[in-house]
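The opening position of the sequence shown corresponds to residue 14 in the numbering used here, with each subsequent residue numbered one higher. Please read the structure below before turning to the comments.
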Amino acid sequence: MIDRRRPLFEPELLVRTALVWVAVCALMLVASFGSISAGRFPDPDDVMRLMQVRDLLAGQSWFDVHQYRVDAVSGGVPMHWSRLVDVPLAALIWLFSLFMAQGAAEIAAAIMVPLLTFGIALLLASRIAWRLIGAEAAGMTCLVMAVSVPVIIQMGPLRIDHHGWQIVLALLALNGMMARDPRLGGALTGFALALWISISVEGLPLALAICGVAALRWLGDRRASCRMASIMGSLAVVSALIFAGTRGFSDLAQYCDAVSPVHLAVFGWGGVSIFVLAHCEPIPRGALLSGFAVIAAGAAGIVYFAAPQCAGGGFEALDPLVTKYWYRNVSEGMPMWQQSPALAMQMLIPPALGLLAAVKLAGRSSDWLRQWWYDYAMLLGAALLIALFVARAGAVAGAIASIPLGWQIAVWIRAARNMRSRGRRIATLAGTALALMPALPLGLLTALIPTEVRAKDNGAQTADCPISDALPTLRKLPEGEIIAPIDMGPELLNSTAHSVIATGHHRGSPGMAAMIRIFIGSAAEAEAALLARGTRYVAVCPGLVEARNYARTMPDGFMADLLGGDEPSWLEPVAVPGGGAVRIWRIKR
């Protein structure tokens with residue numbers, strides 16, 4: 014193990030990382046060619062992110078993140094997404110629109126931003142491996158990240174939501190923890206955590222783990238107090254600046270799903286308290302532990318008295334109907350034990366192997382490097398634990414695991430090369446491949462099952478709704494509100510000038526609840542509700558999972574009537590040339 018005290022980024026490191034990045038980007042572009050050419054985004058959230066950026070470029074206030082075409086009757090839906098993620102997208106769209114059409118500029122930016130994000134993540138991860146292990150491990154770290162399914166699906170072309178940036182900022186925080194200068198490193202870690210939490214409060218648990226590791230360092234080495242003080246001070250100051258610069262002071266409500274005054278109060282309390290405690294050194298260890306306990310209790314007290322509703326998380330206020338029909342069906346937000354076996358294996362096994370490798374690295378190191386790898390193992394263990402309860406957090410765990418796992422892969426490959434037995438060599442290399450892609454055998458086995466059998470068994474999970482054939486018809490209709498399943502909403506907003514009742518975003522819970530009640534209620538109840546709202550159209554995709562769920566739950570409901578071809582007389586069918594997957598009706602008045 015080595016500690017390379019060299020320039021920030023060695024030229025050789027940049028070249029190695031760039032070669033991997035170019036190769037992987039080329040493969041992703043080829044694999045995504047169909048989606049790119051069709052303008053089909055990987056996730057509805059990517060479409061809604063584009064809508065937010067498009068509205069910004071069209072003149073909507075920087076401080077206003079409402080989606081006014083969603084539940085327009087109620088004044089629109091206030092999104093909880095940070096403007097920080099909008100900046101690179103908006104900048105590239107503006108730049109590209111100088112020499113290409115707006116639509117082409119949007120697609121070009123949506124390709125470039127996630128690929129650049131992936132490049133930054135590769136560089137930050139390989140830098141840790143380069144400095145602490147060696148060049149070979151740095152290259153293998155890039156390889157591990159390139160084949161990590163949870164990581165790569167968050168950074169592919171058109172994946173413009175904020176998850177890729179969360180990976181980048183987690184790795185930036187770890188680079189800060191690696192810095193020899195505790196003040197500079199702590200400031201960098203706090204800066205990264207402030208950005209991460211401002212983009213998504215889902216970063217709070219791992220931020221807490223990082224602060225916990227810094228506190229343990231302080232307990233073990235009293236000179237490490239300045240790192241903890243720098244982390245908390247930087248977190249508090251940068252969070253306040255970001256809040257002022259992106260939210261302003263016109264909306265000071267206590268939100269649980271985005272940084273709010275209560276979060277700033279906790280960060281400020283922590284920053285000031287840790288600063289005071291650090292300047293009390295040297296003090297007995299018992300006094301230091303008591304100080305930590307007082308600070309933690311104070312932070313909990315601030316949350317309890319200022320925003321008690323946040324103790325249960327940001328989704329506690331959802332309408333029960335929305336929880337049942339929408340939230341519980343958002344698989345990425347569910348625990349790992351509710352995922353498919355293949356996905357769970359891919360998300361859990363590589364980080365678990367990385368955790369073992371980090372412990373092994375600690376055992377092979379000495380002095381400060383030994384402690385650093387033990388700290389790293391604790392953080393990776395925390396990331397893996399978080400991923401157990403929220404599956405989408407598996408991407409961060411996979412990225413953190415790539416460094417020790419990259420070293421372990423290099424060790425295994427080197428051992429295989431030195432084996433005389435061809436059988437043992439093949440078995441070792443096969444085991445190495447399985448460590449990187451543990452779900453591969455299951456995927457191959459599934460591929461051998463006849464398509465019609467897979468469709469029968471998993472049809473509800475694989476159904477899709479390509480609405481492109483219906484778009485020309487929808488664009489010709491006078492503008493108005495459309496009631497459509499939640500999953501259709503973003504694409505209708507993206508490709509038409511119409512508005513929708515709801516999209517899948519929890520702050521729009523009232524609109525989602527209204528839409529669900531209409532679809533599962535009777536046709537007569539639906540007519541009354543839609544006429545009261547002034548809704549003009551109904552659009553349904555019979556192949557969509559969501560639509561089938563409504564019909565299956567309420568066989569006598571409005572959605573069941575539509576899917577069964579028994580539409581009420583107050584609906585007038587709108588012909589879609591060539592048929593297509595979407596059925597459209599005009600509401601008679």
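Note that CB positions come from ideal geometry on N, CA and C, so glycine has one too. These figures come from a predicted structure and were not determined experimentally.
| Check | Outcome |
| --- | --- |
| Rounded C-alpha distance that separates glycine 436 from leucine 442 | 10 angstroms |
| Three-state class that DSSP yields for glycine 592 in the structure shown | coil |
| Tyrosine 317 classed as buried or exposed, judged by whether at least 16 other C-beta atoms fall within 10 angstroms | exposed |
| Residue environment, glutamine 167, which counts as buried when at least 16 other CB atoms sit within 10 Å | buried |
| Extent of the continuous alpha helix (DSSP H) to which proline 195 belongs | 195-212 |
| Supposed contact pair alanine 408 and valine 603 - C-beta distance, whole angstroms, cut 8 angstroms | As shown, the chain starts at 14 and ends at 602. That puts residue 603 outside it, with no answer to give. |
| Backbone CA spacing between leucine 398 and valine 162 [nearest angstrom] | 18 angstroms |
| Helix, strand or coil at arginine 599 [DSSP, three-state] | strand |
| Other residues of its chain near glycine 472: CB distance less than 7 angstroms, five sequence neighbours each side excluded | In this prediction, glycine 472 scores a pLDDT of 39, lower than 50, which makes its location untrustworthy; the coordinate-derived value is nonetheless stated afterwards. Counting only Cβ-Cβ distances below 7 angstroms, and skipping sequence neighbours, we find nothing. |
| Whole-angstrom C-beta distance between valine 83 and glycine 593, which should lie under 8 angstroms | About 24 angstroms separates the two Cβ atoms, so there is no contact after all. |
| Beta-carbon proximity check, tryptophan 583 vs tyrosine 550, cutoff 8 angstroms | no |
| Presumed contact (8 angstroms Cβ cut-off) between alanine 452 and glutamine 359, rounded CB distance | 4 angstroms |
| Given valine 285 as reference, the closest of Gly246, Gly299 and Cys269 once Cα atoms are compared | Gly246 |
| Under the three-state DSSP convention, the category leucine 584 falls into | strand |
| Proline 321 versus aspartate 68: straight-line alpha-carbon distance, rounded | 34 angstroms |
| Alanine 220 versus Ala114, Thr445, Gly578 and Ile180, residue with shortest Cα-Cα distance | Ile180 |
| Start-to-end residues for the beta strand (DSSP E) that takes in tyrosine 550 | 550-553 |
| Segment contact flag, the segment 146-158 with the segment 194-209, C-beta cutoff 8 angstroms, min 3 pairs | no |
| Three-state class that DSSP yields for serine 45 in the structure shown | coil |
| Delimiting residues of the beta strand (DSSP E) encompassing glutamate 492 | Looking at the DSSP string, glutamate 492 is not in any beta strand (DSSP E), and its letter there is neither H nor E. |
| Local Cβ density within 10 Å of arginine 29, reported as buried at 16 or more and exposed below that | buried |
| Nonlocal neighbours in the same chain, by C-beta distance under 7 angstroms from isoleucine 531, ignoring five residues either side | Ile496, Ala539, Ala542, Leu543 and Phe571 |
| Three-state secondary structure (DSSP) of valine 33 | helix |
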